[in-house]
Amino acid sequence: MLDVTAIDTFYGETQTLFGVSLSVQAGQVLALLGANGAGKTTVLRSILGLTRPRRGDIRFEGRSIVTRATHEIARAGIGWVPDDRRLCPTLTVAKNLSLGEKRTAFRAWSMTEVIDIFSPLKYLMSREAETLSGGEMQMVAIARALLGSPGLMLFDEPSQGLAPKIVDDVLGVIRRLKAAGIASIVVEQNADVALGVADRVVVLLHGQVAWSGEAAALATDAGLKRRLLGGLA
Ligand SMILES: Nc1ncnc2c1ncn2[C@@H]1O[C@H](COP(=O)(O)OP(=O)(O)O)[C@@H](O)[C@H]1O
Ligand SMILES: [Mg+2]
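Position 29 of the sequence shown, counted from 1, bears residue number 18 in the numbering used here, the numbering being contiguous throughout.
What follows is the structure in structure tokens.
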């Protein structure tokens, strides 16, 4: 579904990604792990066309998206749950959600279906986004992305700042999307959270891929995990 091939991404003259390659198959969950500053968010920004790679290619459903505008990439079916949620603070939850609604070539999700998955949303629809708790904001950010009918979701640190119970809820949603055929990339500093849902793993170190393979191979090899992820797992 997604093939990122040997991308080099820069901020100004500073190179941040060095020949990063990864793939996600339809319906698969890929965990993208690594320390703070390793380049995880930059990989997502590169896929979304927010920070364009200088070299390399990114193909989604067989077509190169590396020179396409961000709104076209979203319309191709890539949804984004940013690390800072990016809700419009003074708009209601209902309005924030309706801003996310769009059609793609993938399955469309109605507001009713989305509220069925995120049932607490029902009671929050008329609240202004800035009055929500961190967990509620995360729920709105995921629901908004789902209303955009994605085939692939990009989650940037979905567990960050959330209580363990809420993290479990978020993982449950990622599993549910997977069951519905939606692929995900889950960026995490908290390796154990991501390993709980991932099929495959890519570990970044200083902007390069340090390891990639099956999630089960990493989860069951304590030595490998310690070597790759140190204090992160
Ligand atoms: N907008 C930016 N301008 C300049 N440098 C940036 C910017 N965003 C990130 N960086 C730098 O790029 C590197 C990778 O950052 P990032 O992709 O955010 O890492 P991660 O998400 O793994 O923590 C870091 O050294 C960071 O300081
Ligand atoms: Mg980041």
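Ideal placement from N, C-alpha and C gives every residue a C-beta, glycine not left out.
Remember, predicted model here, so these are calculated numbers, not experimental data.
State buried or exposed for residue i, treating a residue as buried only when at least 16 other CB atoms are found within 10 Å of its CB.
{"i": "residue 178", "result": "buried"}
{"i": "residue 161", "result": "exposed"}
{"i": "residue 109", "result": "exposed"}
{"i": "residue 145", "result": "buried"}
{"i": "residue 214", "result": "buried"}
{"i": "residue 216", "result": "exposed"}
{"i": "residue 111", "result": "exposed"}
{"i": "residue 30", "result": "buried"}
{"i": "residue 209", "result": "exposed"}
Taking CB distances under 8 Å as the criterion, tell me whether residue i reaches chain E.
{"i": "residue 183", "result": "Within the model displayed, chain E is absent; a lone protein chain is all it includes."}
So, under 8 Å CB-CB, residue i and residue j are touching, yes? Tell me the CB distance rounded to an integer number of Å.
{"i": "residue 172", "j": "residue 13", "result": "5 Å"}
{"i": "residue 139", "j": "residue 101", "result": "Rounded, the Cβ-Cβ distance is 18 Å, inconsistent with contact."}
{"i": "residue 218", "j": "residue 191", "result": "Not quite, the Cβ-Cβ distance comes to about 12 Å (not below 8 Å), so this is no contact."}
{"i": "residue 27", "j": "residue 196", "result": "7 Å"}
{"i": "residue 53", "j": "residue -4", "result": "Not quite, the Cβ-Cβ distance comes to about 12 Å (not below 8 Å), so this is no contact."}
Can you check whether the CB of residue j is closer than 8 Å to the CB of residue i?
{"i": "residue 59", "j": "residue 37", "result": "yes"}
{"i": "residue -9", "j": "residue 141", "result": "yes"}
{"i": "residue 18", "j": "residue 186", "result": "yes"}
{"i": "residue 70", "j": "residue 131", "result": "yes"}
{"i": "residue 198", "j": "residue 20", "result": "no"}
{"i": "residue 207", "j": "residue 184", "result": "yes"}
{"i": "residue 119", "j": "residue 79", "result": "yes"}
{"i": "residue 135", "j": "residue 103", "result": "yes"}
Taking 7 Å as the line, does the beta carbon of residue i fall inside it for any heavy atom of ligand 2?
{"i": "residue 177", "result": "no"}
{"i": "residue 305", "result": "This structure cannot settle anything about residue 305, because the visible part of the chain is limited to -10 through 222."}
{"i": "residue 125", "result": "no"}
{"i": "residue 119", "result": "no"}
{"i": "residue 145", "result": "yes"}
So which residues put a beta carbon under 5 Å from any heavy atom of ligand 1, going in chain order? Residues with a Cβ closer than 5 Å to any heavy atom of ligand 1, in chain order: 0, 5, 25, 26, 27, 28, 29, 30 and 31.
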